[in-house]
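Written out as structure tokens, the structure reads:
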């Protein structure tokens, strides 16, 4: 994303809507995008209505009113001069938009947003069997974002445990070597709003996974959260939560799927 220097009037409305604080007002009084920090989510482009007012006129009015100690600001949800301009994205930067723009689907999965339906659909897909645990490792949040270098630290550690990386996951599809968990080197400098790594392990491996994620998180500059899903027993019992608490992790039971989405035999 970029902002036209010739059209921007420095109103600052785009600064407030950027979820990763990549837009600021420069010394010249015009908005500027930090291209390294921008995740190409298109929030500024779609989140603001646009008008096509004359930039020279608006700057003149603002300057004159400034001399009179008065302010002229457009409505906070408007870019008054249509100064926000999407760029044509090429590889590897195009990956930023694929993970950050909820209206774009991933080529590898056909799913919008972060590109995965996650293990919460297991009552339909049946990917996780008895004695197994499906886990999600989520990187980033609005206001924080995450880099593929952050993900690479975690995926390499997880690969050392012999975990199974979900094939229908966009991060898995960007690995140069699934056996080692290595993500493509040309992507390590790219940033996204958020991403999810999906793995499957034996239930008894869950504490080891948590330790590896915790160790990698200490070296990362983003927020990392972990989700775990397993099959309940015949009476609805859940041994996973007790196991996590036994190893010092607080577990919150998020949801229980009843299998209502599965087609009857």
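Residue numbers (this note's numbering): 194 to 458. The beta-carbon is built from N, C-alpha and C at its ideal position, and this holds for glycine as well.
Under the three-state DSSP convention, the category residue 444 falls into:
coil
What did DSSP end up calling residue 404 once you bin it into helix, strand or coil?
helix
What does the Cβ neighbour count give for residue 305, buried or exposed, with the cut at 16 atoms within 10 Å?
exposed
For residue 228, which option in 221, 216, 220, 237 has the closest C-alpha, if you only look at C-alpha atoms?
216
Give the secondary structure of residue 240 by DSSP, where H, G and I count as helix, E and B as strand, and everything else as coil.
helix
Find out if the Cβ-Cβ distance for the pair residue 277, residue 237 is shorter than 8 Å.
yes
Whole-Å CB distance - residue 332 paired with residue 417, under 8 Å assumed
6 Å
Residues that DSSP places opposite residue 330 in a beta bridge:
390, 419
Nearest to residue 378 (by Cα), restricted to the options 352, 359, 345, 355:
345
Mind checking who residue 272 pairs with in its DSSP beta bridge?
243
Specify the secondary structure class of residue 214 as computed by DSSP and reduced to three states.
coil
How would you write the range of the beta strand (DSSP E) that residue 370 sits in, first residue to last?
368-370
Grouping DSSP H, G and I as helix and E and B as strand, with all else coil, what is residue 424?
coil
Kindly indicate which three-state DSSP category residue 257 falls into: helix, strand or coil?
helix
Measuring only the C-alpha atoms, how far is residue 433 from residue 285?
39 Å
For residue 213 and residue 427, what's the separation of their Cα atoms in angstroms?
45 Å
Distance between beta carbons of residue 275 and residue 200, contact taken as under 8 Å
6 Å
In the DSSP assignment, what are the bridge partners of residue 278?
195
Measure the Cβ-Cβ separation of residue 196 and residue 232 and say whether it is below 8 Å.
no
My understanding is that residue 223 touches residue 203, with C-beta atoms under 8 Å, so please give their C-beta distance in whole angstroms.
5 Å
What's the gap between the Cα of residue 221 and the Cα of residue 246?
20 Å
Ends of the beta strand (DSSP E) at residue 224?
224-226
Which value, in whole angstroms, describes the spacing of the CA atoms of residue 257 and residue 283?
42 Å
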